[in-house]
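Peer 1: Residues 38 to 195 (this note's numbering) make up the sequence shown, in order.
Just so it is clear, CB atoms sit at the ideal spot from N, CA and C, and this is done for glycine as well.
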Amino acid sequence: MQALQLKRYGGLDHVAFAELPRPPPGPGELLVRVRAVGLNPIDYLIPRGDFKPILKLRLPATLGSDLAGVVVQVGSGVTRFQVGDAVYASIFDTPYGSLAECAVVPEQAAAQIAALLEAGSIRPVIDQVFPFLQAKQALTYLAQGRARGKVVLRLPVP
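#1: Looking only at C-alpha atoms, which of 47, 132, 140 and 124 sits nearest to residue 221?
#2: Does residue 151 pass the burial test, meaning 16 or more other C-beta atoms within 10 Å, or should it be called exposed?
#3: Helix, strand or coil: how does DSSP classify residue 66 here?
#4: Does the segment 85-101 touch the segment 132-141, meaning 3 or more C-beta pairs lie closer than 8 Å?
#5: With three or more beta-carbon pairs closer than 8 Å as the criterion, would you say the segment 106-114 touches the segment 67-84?
#6: Count the other CB atoms within 10 Å of the CB of residue 129; is the residue buried (16 or more) or exposed (fewer)?
#7: Can you tell me whether residue 12 is buried or exposed? The criterion is at least 16 other CB atoms within 10 Å of its CB, across all chains shown.
#8: For residue 46, name the three-state secondary structure that DSSP assigns.
#9: Using a Cβ distance threshold of 8 Å, determine whether the segment 113-133 contacts the segment 59-66, with at least three qualifying pairs required.
#10: What's the gap between the Cα of residue 78 and the Cα of residue 119?
In structure tokens form, the structure reads like this:
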């Protein structure tokens, strides 16, 4: 499979496509055929090395964190998803990247796209899911002693 990988820090000159074996999902993980990705400002800063003290990437590393796609394989212990489910996920701060033909996604990082369609709008899901993910990441950083400066959480009030 093709994946966009960071070979070494220093900028976008060190980012290139690579042919990699398709990774198998481990216990509690999904293998997702990626159909869409989201790019964030951090995706430009990571190759420069700006987040090297915070994100412990093992190079070469596949870049990207936000994705949508279809489950093609499930690992043992997965209960919420099955092959063929359309999902979206944020896999920031995991050993995996989304800028590839397939990505390994922890089950707890994924949600079904069908819920978006049934709701009739993507906005309620964004308001519920993304603040939770950001809060979870901030609290994880705090617990691990990796947060620097102030951490401000702004959650929507129902």
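Peer 2: Looking at the atomic coordinates:
#1: As shown, the chain starts at 38 and ends at 195. That puts residue 221 outside it, with no answer to give.
#2: A residue is called buried when at least 16 other Cβ atoms come within 10 angstroms of its Cβ; residue 151 does not meet this threshold and is exposed.
#3: When DSSP states are grouped into helix, strand and coil, residue 66 belongs to the strand group.
#4: With a cut-off of 8 Å, the segment 85-101 and the segment 132-141 count as touching, because enough Cβ pairs lie within range.
#5: Counting Cβ pairs under 8 Å, three or more are found: they touch.
#6: Under this definition residue 129 is a buried residue.
#7: Only positions 38 to 195 of the chain appear in the structure, and residue 12 is not among them; the question remains open.
#8: Correct three-state label for residue 46: coil.
#9: Short answer: they touch.
#10: If you take the alpha carbons of residue 78 and residue 119, they lie about 32 Å apart.
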